[in-house]
Amino acid sequence: MSYFAGIAAVYWKDVLLEFRTRQSLSTMFTFCLTIVIIFNFVFEPGSPAVLEVSPGVLWAAFTFSGLLGISRSFSFEIDRGGLQGLLLCPVERSTIYFGKVLGNATFMLLIEAVTFPIFVVFYNLPPNMNLLGLVLVFVLGTLGFVAVGTLLSAISANTKAREVLLPVLLFPVAVPVLVATVKSTGPLLRGEDLAQVASWVKLLLAFDLLFLAASSLTFEFIVEE
Amino acid sequence: MIQAKGLTKIYGTRYALRGVDLEAEAGEILGVFGPNGAGKSTLVRILAGQAKPSSGSVTLCGHPLATEAAQARACTGVVGHLTYLYDDLTAVENLRFFARMFGLHLKEPELLERLSRVGLRGREHEPVRHFSRGMQQRLALARATLHNPRVLILDEPYTGLDRQASLFLDNLVRDFAREGGTVLLVTHDVDHGLNIATRVLLLVSGRVVDQGPADAFSAQTIVTAYETGRKVPQA
Ligand SMILES: Nc1ncnc2c1ncn2[C@@H]1O[C@H](COP(=O)(O)OP(=O)(O)OP(=O)(O)O)[C@@H](O)[C@H]1O
Ligand SMILES: [Mg+2]
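So the sequence lines, in the order shown, correspond to chains A and B. Going from the first sequence to the working numbering is simple: count from 1 and add 2. Going from the second sequence to the working numbering is simple: count from 1 and add 3.
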């Protein structure tokens, strides 16, 4: 059994489950869109203030809706003992973690891909943005957020206060990722070169790797009693 | 095939297991009996690798669970209190997922064959959500035996099964042992358990109070041992 086959199996299962129920994606999308629309009424379209605040609005929408998906990813495993069932399989525990990270990241990126064009239209953003750079930052930012979120979701799924614990823990821990992401999103939206935000992107990459490595190492001790 | 030495499990300050030793050879059906809260499910979860013992060690098919976990798990099939199935996936999809997790590439006809063995033919493309408790239990059996394990660990597997399905399970367990497999069976139905087990292990308050060949036990001695927490001398 190869390591990657295990990750792929968990990932495939989560995607298939979501495709069947569409529970996470529909709530995530509704929530994300609501935030974008509400803030839209606050700012004059086309005013310089919009460009200043839009990275913050965008990532508030992405991360809060992402949180909804992440918190579900282990709660449905707990109800039927699915996680216990996964522990019976002859795979490294961390394959379960990586499969879930990939699943959660896919769902978040899907929401981002759908919401971002709507956001651009609503906020009347200039068309000369650095799209390639934005894609890179969205992927890295999402990966970092999900890496922490999936681990904390596994921790909080076993506690009574699972709905409360995850957001309380996740946002403080993910601060470095969120700051780096928002800081690099702004200039890229204004069409600046990736080189302008290179230091933030490097920080983002470093935190992604750090979080993924640390989480995969500790995951085993979280899921086994 | 199953070996456990000095298993202890402490939850907070409560001992669920206090130094359990057990051994089951190929061809044996070890019936584990004990009152509620005796530690049977805790023992099962530790043998299955779902929980870590506070101390002690487990070896399955010659592979220590602590150091060769993947090999130990690959040779073991487990049916626990919960079914470990996904409600929103169909029966076939559930099996396919677990097959892949065990590194097997079973084709559709093979999966369907496994389902018809547990009498679920015709329902294979329905989500598990629509299954009755007994049907889910049948599917859980198919899931647990998918990878042709050599050790089978069953925690109250008769839950929800009708007469036909429990006869099926009886036969499955006996055939499995006859072909050189090892079964550990936890059940509250003492008469039924004694009928099928070849050896018996009595667990009370996390301790092994008695063990031996099944014909040395009667339902009466077992129930008395539950109450006294001691081995009952044979009359
Ligand atoms: N996760 C847990 N946290 C705390 N205590 C636990 C936990 N799991 C089991 N226990 C305790 O360990 C003891 C043994 O429980 P276990 O479930 O192994 O009993 P059992 O023999 O399977 O009982 P039953 O016949 O009711 O299934 C009990 O006192 C129980 O309260
Ligand atoms: Mg039990």
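Glycine included, C-beta positions come from ideal geometry on N, C-alpha and C.
Say whether chain B places a C-beta atom closer than 8 Å to the C-beta of A/Cys-34.
Indexing the first sequence from 1 puts residue 34 of chain A at position 32. Chain B contact via Cβ: absent.
Give the range of the beta strand (DSSP E) segment to which B/Val-207 is assigned.
Working through the second sequence from its first residue, we reach residue 207 of chain B at position 204. Unbroken beta strand (DSSP E) run through B/Val-207: 202 to 207.
What are the start and end residues of the beta strand (DSSP E) that includes B/Pro-215?
The residue given as residue 215 of chain B occupies position 212 in the second sequence. Before going on, a small fix: residue 215 of chain B reads as Gly here, not Pro. Taken as a continuous stretch (DSSP letters only), the beta strand (DSSP E) holding B/Gly-215 covers 210 to 216.
On a CA-only basis, which of B/Gln-6, B/Asp-24, B/Arg-177 is nearest B/Val-212? Give me that one, please.
Here residue 212 of chain B corresponds to residue number 209 of the second sequence, with the count starting at 1. For B/Val-212, the nearest C-alpha among the options comes from B/Asp-24.
Taking 8 Å as the threshold, find out whether the stretch 132 to 146 of chain B comes into contact with the stretch 207 to 217 of chain A through three or more Cβ pairs.
no
Go through its chain and collect everything with a Cβ distance to A/Leu-127's Cβ below 8 Å, but skip five positions before and after it.
Here residue 127 of chain A corresponds to residue number 125 of the first sequence, with the count starting at 1. These residues qualify, in order along the chain: Val-52, Leu-53, Ser-56, Phe-121, Leu-191.
Thinking A/Phe-223 and A/Ser-155 are a contact (beta carbons under 8 Å), I'd like their distance in whole angstroms, please.
As a first step, residue 223 of chain A must be located in the first sequence, where it is residue number 221. As a first step, residue 155 of chain A must be located in the first sequence, where it is residue number 153. At roughly 15 Å, the Cβ-Cβ gap does not stay under 8 Å, so A/Phe-223 and A/Ser-155 are not in contact.
Does DSSP classify B/Ala-244 as helix, strand or coil?
Limits of chain B in this structure are 4 at one end and 238 at the other, which puts residue 244 of chain B out of reach.
How about B/Thr-11 and B/Gly-52: are their beta carbons less than 8 Å apart?
Here residue 11 of chain B refers to the residue found at position 8 of the second sequence. Here residue 52 of chain B refers to the residue found at position 49 of the second sequence. Their beta carbons are not under 8 Å apart, which means B/Thr-11 does not touch B/Gly-52 by this criterion.
Could you tell me whether the stretch 60 to 79 of chain B touches the stretch 208 to 227 of chain B, where touching means 3 or more Cβ pairs closer than 8 Å?
no
Taking the CB atoms as reference points, tell me whether B/Asp-244 and B/His-84 lie closer together than 8 Å.
The structure shown does not extend to residue 244 of chain B, since chain B is modelled only from 4 to 238, so the question has no answer here.
Going by Cα to Cα distance, which pick from A/Val-203, A/Leu-88, A/Pro-92, A/Thr-36 is closest to A/Leu-180?
Translated into the one-based positions of the first sequence, residue 180 of chain A becomes position 178. Answer by Cα proximity: A/Val-203.
What is the rounded straight-line gap between the Cα of B/Glu-230 and the Cα of B/Thr-185?
In the second sequence, the residue the question calls residue 230 of chain B occupies position 227. In the second sequence, the residue the question calls residue 185 of chain B occupies position 182. About 29 Å.
Helix, strand or coil for A/Asp-81 per DSSP?
Against the first sequence, residue 81 of chain A aligns to sequence position 79. Looking at A/Asp-81 - three-state DSSP - the assignment turns out to be helix.
List the residues that DSSP assigns as beta-bridge partners of B/Leu-157.
Counted from its first residue, the second sequence places residue 157 of chain B at position 154. Paired residues: B/Val-82, B/Leu-188.
List in chain order: all unbroken alpha helix (DSSP H) runs of 4+ residues lying wholly within the stretch 29 to 94 of chain A.
Taking 4 residues as the minimum length, the alpha helix (DSSP H) runs contained wholly in the stretch 29 to 94 of chain A are 50 to 81, 84 to 89, in order along the chain.
Contact check, A/Ala-7 vs B/Gly-106 under 8 Å by CB: the rounded distance?
Residue numbering aside, residue 7 of chain A sits at position 5 when the first sequence is read from its first letter. Residue numbering aside, residue 106 of chain B sits at position 103 when the second sequence is read from its first letter. The pair is a contact, with the Cβ atoms about 7 Å apart (cut-off 8 Å).
Can you confirm whether A/Lys-204, when its beta carbon is compared against all beta carbons of chain B, has any partner nearer than 8 Å?
Here residue 204 of chain A is taken as the residue at index 202 of the first sequence, counted from 1. Output row for A/Lys-204: interface = no.
Please report whether the beta-carbon of A/Arg-22 lies at a distance below 8 Å from any beta-carbon of chain B.
Along the first sequence, read from residue 1 onward, the residue named residue 22 of chain A stands at position 20. Taking Cβ atoms only, chain B reaches closer than 8 Å to A/Arg-22, which makes this a yes.
Is there a Cβ from chain A that is less than 8 Å from the Cβ of B/Met-258?
The requested residue 258 of chain B is not part of the displayed model; chain B covers only 4 to 238.
DSSP puts B/Tyr-14 in a beta bridge; with which residues?
Taking the second sequence and counting its residues from 1, one reaches residue 14 of chain B at position 11. Beta-bridge pairing links B/Tyr-14 to B/Arg-17.
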